[in-house]
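So the sequence shown is residues 0 to 251, counted in numbering that gives the first Met the number 0.
Quick reminder that beta carbons are idealized off the backbone N, C-alpha and C, glycines included.
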Amino acid sequence: MGLDGKVAIVTGGNSGFGAATSLALAREGVRVVIAARSQKKADETLRTIDEIGGKGVFIPTDLTEPNQVEALVAGAVEVFGRLDFGVNIAGIGGVIAPTSEYPETVFNEVIAINLTAVWLSMKYELRQMVKQGWGGAIVNMSGTFGLIGAASIAPYSATRHAVLGLTKSAALEYVKQGIRINAVCPGACKTPMLDAATGANPEVEAQWASVMPIGRLGTAAEIAEAIVWLCSENSSFVVGHALAVDGGWAVQ
Numbered sequence: 000m001g002l003d004g005k006v007a008i009v010t011g012g013n014s015g016f017g018a019a020t021s022l023a024l025a026r027e028g029v030r031v032v033i034a035a036r037s038q039k040k041a042d043e044t045l046r047t048i049d050e051i052g053g054k055g056v057f058i059p060t061d062l063t064e065p066n067q068v069e070a071l072v073a074g075a076v077e078v079f080g081r082l083d084f085g086v087n088i089a090g091i092g093g094v095i096a097p098t099s100e101y102p103e104t105v106f107n108e109v110i111a112i113n114l115t116a117v118w119l120s121m122k123y124e125l126r127q128m129v130k131q132g133w134g135g136a137i138v139n140m141s142g143t144f145g146l147i148g149a150a151s152i153a154p155y156s157a158t159r160h161a162v163l164g165l166t167k168s169a170a171l172e173y174v175k176q177g178i179r180i181n182a183v184c185p186g187a188c189k190t191p192m193l194d195a196a197t198g199a200n201p202e203v204e205a206q207w208a209s210v211m212p213i214g215r216l217g218t219a220a221e222i223a224e225a226i227v228w229l230c231s232e233n234s235s236f237v238v239g240h241a242l243a244v245d246g247g248w249a250v251q
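So this is what it looks like as structure tokens:
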């Protein structure tokens, strides 16, 4: 895909969609900077990247702290000399509760990680890309619940909708500087977040799969391939788009 030698930051790159995306980018020759809190999981991903002949580093980052996000971007440039892609995946599910009963502490945490952290990541990624002057690409993680509503997870759904607003607005601001900004909207996929929601219960997972028109859960690797495409010049005319990779869920 013409990505060899490029550099990407992947937030939440230590597990789930993030780990799969880190590996998919590394296979294309992209040097990957994994940003997350947990080094143990990141080390597992980095070992796999090394096994396939790729290059990657881990920079521990609290993505809700502006100074740490700024340091993350600076660190990526210090290690690899440039920044071409920002892939902002880190997120949490919150709890399942009706709006009137939703805990305020959890609401604030969901907003901080799923929305504020995406904005902060974009802010400093964009500054670096503009400074370099040769463009780049940013892909933000939204979700099917950024396209439709969902009972009992209103704050989570709200952040996924809000990420699309950030994506579309920033895309218009930076497209003339050669920076394309898009989002992916995964459906239900077999990831640690889904395992947490279902208790890794096969019967519950089967119920989720039955909702999908395609008749099965997605995989993190399938989402990763969509993200790699959005980073590549194969998607050079795609700007401000919310790409549903959801087995047909949102079009029912």
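**Item:** Opposing strand residues paired with N233 [DSSP bridges]
**Value:** Its beta-bridge partners do not exist; DSSP assigns none.
**Asked** Based on Cα-Cα distance, which residue from G11, V32, N139 and T60 lies nearest to F79?
**Response** V32
**Prompt:** Of all the beta strand (DSSP E) runs that stay within the bounds of the region 189-241, which reach a length of 3 or more residues?
**Reply:** none
**Request:** Can you tell me which of N107, N113 and E69 puts its alpha carbon nearest to the alpha carbon of I88?
**Result:** N113
**Prompt:** Are the beta-carbon atoms belonging to A220 and V183 less than 9 Å from one another?
**Reply:** no
**Message:** With H, G and I counted as helix, E and B as strand and the rest as coil, what does DSSP make of P65?
**Reply:** helix
**Message:** By alpha-carbon positions, which one of A249, E103, G4 and V76 ends up nearest to V210?
**Reply:** A249
**Prompt:** Three or more C-beta pairs closer than 8 Å, one from the region 100-108 and one from the region 158-176: is that the case here?
**Reply:** no
**Message:** Bridge partners for T60 per DSSP, in chain order?
**Reply:** DSSP output for T60 lists no bridge partner at all.
**Message:** Suppose only complete runs of 3+ residues qualify. What are the beta strand (DSSP E) ranges in the region 109-177, listed by chain order?
**Reply:** 135-140
**Item:** Straight-line gap, L216 to A196 (C-alpha atoms, nearest Å)
**Value:** 14 Å
**Length of the line joining the Cα atoms of V203 and A187** = 12 Å
**Spatial neighbours of D61 in its chain, beta-carbon cut-off 7 Å, leaving aside the 5 residues before and after** = R36 and Q67
**Spatially closest choice to D83 from V138, A23 and A243, by CA coordinates** = V138
**Asked** Helix, strand or coil: how does DSSP classify I95 here?
**Response** coil
**Request:** Locate the beta strand (DSSP E) running through I48, then write down its first and last residues.
**Result:** I48 -> not in any beta strand (DSSP E); alpha helix (DSSP H) instead, spanning Q38 to E50.
**Request:** Assuming E64 contacts Y123 (C-beta within less than 8 Å), just tell me the rounded distance between them.
**Result:** 12 Å between Cβ atoms; not a contact.
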